[in-house]
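Count the sequence shown with the numbering used here and you get residues 104 to 471, in order. Backbone N, C-alpha and C fix where the C-beta goes; we use that ideal spot for every residue, glycine too.
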Amino acid sequence: MLIGLLLLSCSMDARAGPPTWTNLWHGFQNHFMDTQGRVIDPLDGGITTSEGQAYGLFFALVANDRVRFQRILQWTQNNLARGDLSRHLPIWRWGRAADGHWGPLSSESASDADLWLAYTLLSAAALWHDPQYATIAQGLLRQIERHEVVHLNGWGPVLTPGDGPYWRVDDGFVVNPSYLPPFLLAGLAHWDRAGPWSAIYAGLPRLFILADPHGFAPDWFVLRNRGGFAVAPQGPEGSYNAIRCYLWAGMSARDAVNLAILHALRGMAVLVQKGAPVPEQVDTLDGKTSGHGPPGFAAALLPYLRQLGDTSARERLSDQLYAAWNPSENGFGPHYYYNALALFALGYLDGLYRFHADGTLWVFWAKP
Numbered sequence: 104m105l106i107g108l109l110l111l112s113c114s115m116d117a118r119a120g121p122p123t124w125t126n127l128w129h130g131f132q133n134h135f136m137d138t139q140g141r142v143i144d145p146l147d148g149g150i151t152t153s154e155g156q157a158y159g160l161f162f163a164l165v166a167n168d169r170v171r172f173q174r175i176l177q178w179t180q181n182n183l184a185r186g187d188l189s190r191h192l193p194i195w196r197w198g199r200a201a202d203g204h205w206g207p208l209s210s211e212s213a214s215d216a217d218l219w220l221a222y223t224l225l226s227a228a229a230l231w232h233d234p235q236y237a238t239i240a241q242g243l244l245r246q247i248e249r250h251e252v253v254h255l256n257g258w259g260p261v262l263t264p265g266d267g268p269y270w271r272v273d274d275g276f277v278v279n280p281s282y283l284p285p286f287l288l289a290g291l292a293h294w295d296r297a298g299p300w301s302a303i304y305a306g307l308p309r310l311f312i313l314a315d316p317h318g319f320a321p322d323w324f325v326l327r328n329r330g331g332f333a334v335a336p337q338g339p340e341g342s343y344n345a346i347r348c349y350l351w352a353g354m355s356a357r358d359a360v361n362l363a364i365l366h367a368l369r370g371m372a373v374l375v376q377k378g379a380p381v382p383e384q385v386d387t388l389d390g391k392t393s394g395h396g397p398p399g400f401a402a403a404l405l406p407y408l409r410q411l412g413d414t415s416a417r418e419r420l421s422d423q424l425y426a427a428w429n430p431s432e433n434g435f436g437p438h439y440y441y442n443a444l445a446l447f448a449l450g451y452l453d454g455l456y457r458f459h460a461d462g463t464l465w466v467f468w469a470k471p
């Protein structure tokens, strides 16, 4: 942790070096962010997503970089939320259209990004003692509750993936479990006691137990009225979305809710403990795996394995991850998403931030 603190105190023109969080953060800024505060996915036509903006905002808070934080927030509000996140959900996709014009590429939102934005703004308000961020966050939470939360018989409040009508399926709704980090919901329940977050948080064990019959998280599934479960139209696979479920569980406090989630996700631990490579895809109905996951997948499993006390598998995946490190670019290749997963994992493992039992954020530079 001391090395991480010393590195974070250095200037922003850090030289290329080993795979520390600080070097990775510098590389992320150089390759996936512009000077306006826009987070860019260069392998997807240079688009920007609300997810990328939310992740960038969180990393800027961890780095105690208020200038970059404000740039990311301002760009997000101006380009994704019609100038005001407290009144409008951000659209999830922005970029270059077929006619060459740069602007919105969707009208729908993505609820995971919205939760991360609200949580990070509330954390910034507390850590930087700046109530303007809490004001924006509280307005955003009301929009999320109004447009992205539904109430199902037998379940109570459920977070849908966004505000589009296509998430309704028969008598239920599609759910993405990676959109439900336990610490985010616990933190929102702490700050917004009148909201649905406490009930959603309390329902996570039941949700994961139903969705993970072989111990692997799916990317998508359907919750039906009266507590039913069904395979989502997108299929039963767990892959690029689901990998975050293991990461979030590894970063959450060890309370009854998260211990139940870790048990529900036991399939991935059993797999890697046997020496198998991290799979790119899992059929959650039969537990069969295929492909080799990219470096970001290995990074995502490191906090999860540490939470489970598995030193051997964690060291093996750490070696695989570091073998993919490109010191000349301070990154793990040209994929925005892989580097974002690694930023979450390495920052957590280096002790630069933690989530308290009530979901609130601790960062290394904050006063006790």
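Closer than 6 Å by C-beta to residue i: which residues in its own chain qualify, once you throw out the five before and the five after it? Chain order, please.
i, result
"Ala184", "His191, Pro193"
"Gly155", "Val142"
"Tyr236", "Leu224, Ala227, Ala228"
"Phe157", "The sequence given here has Ala at residue 157, not Phe. So the list reads Ala216, Trp219, Leu220, once near-sequence residues are dropped."
"Gly120", "Asn126"
What is the rounded straight-line gap between the Cα of residue i and the Cα of residue j?
i, j, result
"Asp480", "Ala320", "Because residue 480 is not part of the residues shown, which for the chain are 104 to 471, the question remains open."
"Ala292", "Ser301", "5 Å"
"Tyr269", "Gly275", "11 Å"
"Leu452", "Pro406", "7 Å"
"Tyr425", "Trp258", "42 Å"
"Thr238", "Asp322", "33 Å"
"Pro264", "Leu243", "15 Å"
"Asn361", "Arg296", "20 Å"
"Asp315", "Phe447", "24 Å"
"His250", "Asp266", "5 Å"
"Asn344", "Leu310", "16 Å"
"Gly330", "Ala359", "21 Å"
"Trp428", "Gly412", "25 Å"
"Leu108", "Trp195", "Any reading at Leu108 must be qualified, since the residue scores a pLDDT of 40, below 50, and its modelled position is unreliable; no value is offered."
"Ala367", "Ile312", "5 Å"
"Gly454", "Arg171", "22 Å"
"Ile364", "Asn279", "15 Å"
"His134", "Trp124", "15 Å"
"Asp233", "Thr138", "24 Å"
Return the chain-ordered list of same chain residues with a C-beta closer than 7 Å to the C-beta of residue i, the five sequence neighbours on each side being excluded.
i, result
"Val272", "Val325, Pro336"
"His222", "The question names His, yet the displayed sequence has Tyr at residue 222. Correct list, in chain order: Leu287, Gly290, Leu291."
"Ser393", "Pro382, Glu383, Gln384"
"Gly198", "Gly148, Gly149, Ile150, Thr151, Trp205, Leu208"
"Asp187", "Gln180"
Going by beta carbon distance, what residues of the same chain come within less than 8 Å of residue i, once the five residues before and after it are set aside?
i, result
"His254", "Pro260, Val261"
"Gly399", "Ile346, Phe435, His438, Tyr440, Tyr441, Asn442, Ala443, Leu444, Ala445"
"Gly298", "Leu244, Glu248, Leu291, Ala292"
"Arg369", "Gly318"
"Ser281", "Asp215, Ala320, Asp322, Asn344, Ala345, Ile346, Arg347, Cys348, Trp351"
"Leu460", "Reading off the sequence, residue 460 comes out as Ala, not Leu. Ala289, Ala356, Asp358, listed in sequence order."
"Glu340", "Pro321, Asp322, Gln384, Val385, Asp386, Thr387"
"Leu110", "Confidence is the limiting factor: at Leu110 the pLDDT is only 40, short of 50, which leaves the residue's position unreliable and the question unanswerable from this model."
Does DSSP classify residue i as helix, strand or coil?
i, result
"Asp413", "coil"
"Glu340", "strand"
"Ala333", "strand"
"Ala117", "In this predicted model, Ala117 has a pLDDT of only 47, less than 50, meaning its place in the structure is not dependable enough to derive any value."
"Thr138", "coil"
"Asp274", "coil"
"Ser226", "helix"
"Arg169", "helix"
"Asn181", "helix"
"Ile247", "helix"
"Thr238", "helix"
"Leu326", "strand"
"Arg457", "strand"
"Val466", "strand"
"His395", "coil"
"Leu310", "helix"
Within 10 angstroms of the Cβ of residue i, are there 16 or more other Cβ atoms? Answer buried if so, exposed if not.
i, result
"Ser355", "buried"
"Gly206", "exposed"
"Gln246", "buried"
"Ser212", "buried"
"Ser431", "exposed"
"Leu146", "exposed"
"Gly140", "buried"
"Gln410", "buried"
"Ala201", "exposed"
"Arg417", "buried"
"Asn433", "buried"
"Gly151", "Looking at the sequence itself, residue 151 is Thr, so the reference to Gly does not match. Buried: at least 16 other Cβ atoms inside 10 Å."
"Asn256", "exposed"
"Asp144", "buried"
"Ser153", "buried"
"Gln132", "buried"
Return no unless some Cβ of chain D is closer than 7 Å to the Cβ of residue i.
i, result
"Gly338", "Among the protein chains of the structure shown there is no chain D, as only one such chain exists."
Below 6 Å, is the gap between the Cβ of residue i and the nearest heavy atom of the ligand MN?
i, result
"Trp270", "Within the structure as shown, the ligand MN is missing, as the structure has no ligands at all."
Are the segment 331-338 and the segment 289-309 in contact at 8 Å, needing three or more beta carbon pairs? Taking 8 Å as the limit for Cβ pairs, the verdict is that the segment 289-309 does not touch the segment 331-338.
Does the contact criterion of 3 or more C-beta pairs under 8 Å hold for the segment 420-428 versus the segment 393-407? Because the criterion of three Cβ pairs below 8 Å is met, the segment 420-428 and the segment 393-407 touch.
Is there contact here, the segment 163-177 with the segment 125-141, by at least three beta-carbon pairs under 8 Å? The segment 163-177 is in contact with the segment 125-141.
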